[in-house]
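Comments concern the structure below.
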Amino acid sequence: MMTLHQTHVDGVQCFWVESGRPTLGCWLLFRAGSADEPLNQSGWLHLLEHSVLHGRGGGALHVNGFVSPLITGFETHGPTQQVTRHLRDVTAWLADPDLTDLDRERAVLRAEAGMRGGPGERALAWRYGSRGPGVLAMGEPGLGRATPGRLRELAESVFTQGNAALVLDGPPPDDLELSLPPGDLRPARPAVPCEDELPGWYVDPAGLVLSGVVPRGTPGTLLSELLQREVREQFRNQDGASYAPWSWYEAVDPDHALVVVGADIAREAYPTLAKRARKLVRWMADDGPSADQLRDQVESRLQAVNDPYNAVGVAGRAAHEYLRGRPVLNHQQVVEELEALTTEDIRAVASDFRRSLMLGVPGDSPVPEGIPQLAQPTSRGRVTGRRFRHRDWPAVTAYLVVDDDDAHLVAEPEYQCYHADDVEGIHQFADGARHLVTSDGWGLTVQPEEWHGGDTLVAALDAMVPEERHLPMPAREDSGPGPRMALLRRWWAARKTPKGPVTFVVGTVLLALVGVVLVAYGRFLVGGFWLVGAGITAKEAVDRWRRRVYRGRGGSGEHPPPGAGGR
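Each residue of the sequence shown is one higher than the last, beginning at 4 in my numbering.
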């Protein structure tokens, strides 16, 4: 039997097993992650993790670090003496960070951010917006606000003895030292999803994406594997329409995890994709896997758990449970938990998954029936403030209205509102562009060159958002607006757009002039008809002026509102 040992090393709770290897592997974990960072501090833990590991490792010593939604960790493997020295140096740095190379590491992380952003991260943003676990998908725009002083304050609160757990695959060396200050375990906050009607669907370019929230625990991890198995069976083995189905289980708070399952999908499978995917989820919740299917999955997990080369996994799980504030399980208890699983346990978590389902499908596939599309809320009514017209008016009739508290993207007859209190951050790009992000993850991008009075518009947006939510960003590689539409082309395109009050005012004047001329020349009947038409047009102009509000997503005519962004 694999024995789980518990002890303390310099005030840090330590979990270890005897793997029998001549080397030593260790994982130093802290209870803080990207879900704990507000958007204006996103990337700070990642910046500290990168900075402390810069220049370390090499040869026989392998080092790595990571920041997940709830955990920041440092992994090390190599000769015992080198691992011991590495842990001593890393914890000493964390207790007193040296941030002289902050700008270099900031640039490295910005380059890394450009390489991230898959369907799993997008699923977090669709569900949680730009708060909590959703911050992981936001590209770390808080990096520009990181200063040595702010990072040291963060390190003092996170990298402490009481907020850490150490995992070893051998006994702690006698000379092992962890130079961390005292501190308490940081509780994780509940993950609060956006107020969307679920189940719901959205467009994802990666193909099929299924995600749902389940209770944390072994049944949820098995559900992830079972769903992936069914997706592979249907779309790869039967149809040959997918190459690499995948799944992801990620804890998002102390009690819940997000299960995400997806696959690349060939175009010929698009017509029935959404219907079949929902049927698969419904089957898992109503009927669940067969006893044989569940047993196969349990035996696969038991083989991994009982493999002596994987013995450290029991210690790793114990460390995560400790940081979660839950009782830890030894090897025998983990085995008993797996062997006690039933189909009903899988059905229960699958029902939670089904109720909270978000379905991502390719943009060219048919619209899923019976569930709503996840879309930015729109409103109707009058909006007031400084008005900014697009440079391609009248082909683009959408415009912006900004005051001290709100920005509105308006396109008749609805508008999208970005209230200052709901804006988590405004990206201030060095090329002059701005991008607002709301707490639900909806975005508004503004390039000043695209708007009449663009510099004034940008200044108004900056003044609307509190300074602590200003996010300095480097210039974008694709900065700068496209070519402006030619005058005749703008007016030709405008023929298909809904007409605003100004158009009807012009029409009223023209109709009235023709009517007056006809009456003056004695054509009273015909002139009267023209004057009646002018009256009707004038009434329409007044009505449209009174309800001059705008459409959000979807736009005006053929031309979508500029700047509107998804999650």
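Glycine included, C-beta positions come from ideal geometry on N, C-alpha and C.
- Exclusion of the five residues before and after LEU229 leaves MET287, PRO292, GLN296, LEU297, GLN300, ILE349 as the residues of its chain whose Cβ lies within less than 8 Å of its Cβ.
- Sorting ARG487, THR94, GLU143, ALA433 by C-alpha distance to the C-alpha of VAL461 places ALA433 at the top.
- Residue environment analysis places ALA294 among the exposed positions, since fewer than 16 neighbouring C-beta atoms fall within 10 angstroms of its C-beta.
- GLY81 and HIS65 do touch by the CB rule: their CB atoms are close to 6 Å apart, below 8 Å.
- By the neighbour-count criterion, in which a residue is buried when 16 or more other Cβ atoms sit within 10 angstroms of its Cβ, PHE162 is buried.
- Taking each of LEU464, GLU21, LEU362 in turn and checking the Cα distance to ASP424, the smallest one comes out for LEU464.
- Looking from the CA of THR103, the closest CA among ARG59, ASP408, ALA126, SER54 belongs to SER54.
- In the three-state reduction of the DSSP assignment, MET476 falls in the strand class.
- For ALA254, the enclosing beta strand (DSSP E) starts and ends at 249-254.
- In the structure shown, GLY319 falls within a helical segment according to DSSP collapsed to helix, strand and coil.
- Under the three-state reduction of DSSP, PHE162 is assigned to coil, being neither helix nor strand.
- VAL520 counts as exposed, since fewer than 16 other C-beta atoms from the protein chains shown sit within 10 angstroms of its C-beta.
- The three-state reading of DSSP puts PRO218 in strand, counting E and B together.
- CA-to-CA, the gap between ALA410 and ALA478 works out to about 23 Å.
- In the DSSP assignment, HIS11 is bridged to GLN16.
- Taking the C-beta atoms as reference points, LEU181 is found nearer than 8 Å to LEU90.
- ALA280 is positioned such that its CB atom lies closer than 8 Å to that of LEU211.
- Under the three-state reduction of DSSP output, TYR524 falls in the coil class, being neither helix nor strand.
- Taken in chain order, the complete alpha helix (DSSP H) segments of 4 residues or longer contained in the region 345-385 are 346-358.
- With contacts defined by Cβ atoms closer than 8 Å, VAL217 and ALA266 do not form a contacting pair.
- DSSP places ASP458 in the helix class (H, G or I) of the three-state scheme.
- Rounded to whole angstroms, GLU372 and ASP256 show a C-alpha spacing of 32 Å.
- Sequence-distant partners of PHE532 (beyond 5 residues in either direction) whose C-beta falls short of 6 Å from its own C-beta are missing from its chain.
- Selection ALA95, ALA254, ARG327, PRO397 evaluated against ARG34 yields ARG327 as nearest (Cα-Cα).
- The C-alpha of ARG219 lies about 31 Å from the C-alpha of LEU56.
- Remark: C-beta atoms of ARG487 and ASP395 approach each other more closely than 8 Å.
- Exclusion of the five residues before and after ALA209 leaves PRO122 as the residues of its chain whose Cβ lies within less than 6 Å of its Cβ.
- Look at the beta carbons and you see the region 96-116 touching the region 41-51: at least three pairs across the two are nearer than 8 Å.
- DSSP, read as helix, strand or coil, puts TRP30 in strand.
- Rounded to the nearest whole angstrom, the CA to CA distance from ILE539 to PHE507 is 10 Å.
- According to DSSP, residue pairing for THR448 in a beta bridge involves HIS438.
- In the three-state scheme derived from DSSP, where H, G and I count as helix and E and B as strand, THR275 is classed as helix.
- In terms of Cα proximity to THR459, the closest of GLY485, VAL404, TRP445 is VAL404.
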